[in-house]
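One structure is given below, encoded as structure tokens.
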Amino acid sequence: MVGPPFSVTLAPDESIALVTANEKLDPADPTKRIANNTMSVVDLKATPPKIIATLETGKNPAGVSINRAGTLALVANRGEGTVSVYTIQGKTVTPAGKVAIADEKSGTSHAAIAPDGKLALVTRDGDDRISVLSIDGTRVEYTKRDISAGLRPYGIDIAGSGAFAAVANIGRGGGDADTVSIIDLKAQPPRVTSTITVGQTPEGIKVSPDGSMVAAVVMNGSNKPKDSPFYHDAGKLVLLRVSGNDLAHVGERLQAIFVQARGDNLAVKLRRRVEVVIVSGEPGLLETRRLSLGEHAQRAANLEIERGNRTDHFEYTVEFFAVGNLSPRGAHAKTCRSGDLRLFCSSENFGRI
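Quick note: the sequence shown, position 18, residue 859 per the numbering used here, numbers continuous.
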């Protein structure tokens, strides 16, 4: 399976995961990839987790979301300008129709559902728009309202309060600085109220659960050839503070891959290190304290390491950043409840806080 960053989502009760497959290997030529049209349903309660169903989507399924009630899923079909609708009952996912939004060149990339389940936003990086959908039970309709945020809106996340959405505008890839926008969802109709520059190609984006921060994963030219004048050897994580309907920079670190957020905590992966960024809406500076996982992180931060190969753990470090005078709190590895912050050191090595 091949797909963009938003190709995986979990049900609220974490019983299932939905995984879209945007592309597949060409049976006629395994060196090439062609459009796919499937989504897998993964049973997360099974040991080990297993695929229990494979469903048909539209062409090039990309971003997928499940509503907070766990009863409805939307899939943006990038290759045909549509959104597929699915109902969910327990672990059973059933196709329930398709919503036409634009033509196949519109590049419908991700569909994010508001917390109240009555609205969805669909990014269209092919024609620089964000479409508003209305939801009434299992009935999903295109309202014909399109929002203009920036060049090629791609990733999108809606605040837990439903007050706003944050959009990553990935741009044309020409080396110019690209942007993140805020959409005011309390306004009627919803509209963009703030846009801020973050660097080249902000692909992943996440709003902190308390709505005070936005984290954007920026490629920063790291995906370009080394001889390109726009090349950098590392991407970066950009932290933005949300104040009303405006955005302001907090800080940034190199080579960051956003993992998960909880409360006022943000976790990122930084090359061969893991960084935990503790953030708040208060002004402050990033301060670094570094702990070796192998030496004293378990004592100092109650960090429990679970890994396929424990002999490698001395190669990794964990860094704690505090914004203002905050310090890491609530870090008890053995609780590991649903929603706990998970820090991934690599594909086979991870710790929990």
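Note that CB positions come from ideal geometry on N, CA and C, so glycine has one too.
All figures in this text were calculated on a predicted structure; none of them were measured in a lab.
- Enclosing beta strand (DSSP E) for A1206 [first to last residue]: Since the displayed the chain opens at 842 and closes at 1194, residue 1206 lies outside it and no answer follows.
- Would you give the residue range spanned by the beta strand (DSSP E) that I907 belongs to? P902 to I907
- Query: Measuring CA to CA, which of T928, T979 and A914 is closest to A952?
  - Reply: A914
- Of the residues Q1041, D1068 and K1047, the one placed nearest G1076, counting alpha carbons only: Q1041
- Message: Going by C-alpha to C-alpha distance, which of G948, G904 and D987 sits closest to Q1029?
- Response: D987
- Message: Using a Cβ distance threshold of 8 Å, determine whether the stretch 928-938 contacts the stretch 946-961, with at least three qualifying pairs required.
- Response: no
- Query: Who pairs with E982 in a beta bridge, going by DSSP?
  - Reply: S975
- Work out the CA separation of L866 and E855 for me, nearest whole Å. 30 Å
- Message: Using a Cβ-Cβ cutoff of less than 6 Å, which residues in the same chain neighbour G1016 once the five nearest sequence positions on both sides are dropped?
- Response: F1071
- Message: Suppose only complete runs of 3+ residues qualify. What are the beta strand (DSSP E) ranges in the stretch 1067-1094, listed by chain order?
- Response: 1077-1084
- Taking the Cβ atom as the reference point for each residue, do I892 and S906 lie within a distance shorter than 8 Å? no
- Message: Can you confirm whether the stretch 939-952 touches the stretch 914-923 when touching is taken to mean that 3 or more C-beta pairs between the two stretches lie within less than 8 Å?
- Response: yes
- Taking the beta strand (DSSP E) that T1042 falls in, what are its first and last residues? Neither: T1042 is in no beta strand (DSSP E) and is coded neither H nor E.
- Burial state of P868, where buried means 16 or more other Cβ atoms lie within 10 Å: exposed
- Assuming D968 contacts S950 under a Cβ cut-off of 8 Å, what Cβ separation, rounded to an integer in Å, is found between them? Actually they do not touch by this definition, with Cβ atoms about 11 Å apart.
- Compute the Euclidean distance between the alpha carbons of T1036 and K1047, then round it to the nearest angstrom. 15 Å
- Query: Does DSSP put G946 in a helix, a strand or coil?
  - Reply: The displayed chain sequence assigns Lys, not Gly, to residue 946. In this structure, K946 counts as helix in the three-state DSSP scheme.
- Message: Check for me: the beta strand (DSSP E) holding D1025 runs from which residue to which?
- Response: D1019 to D1025
- Let me know if P1031 comes out buried or exposed under the rule of 16 or more other beta-carbons within 10 Å of its beta-carbon. buried
- Query: Which partner residues does T895 have in the DSSP bridge list?
  - Reply: S881
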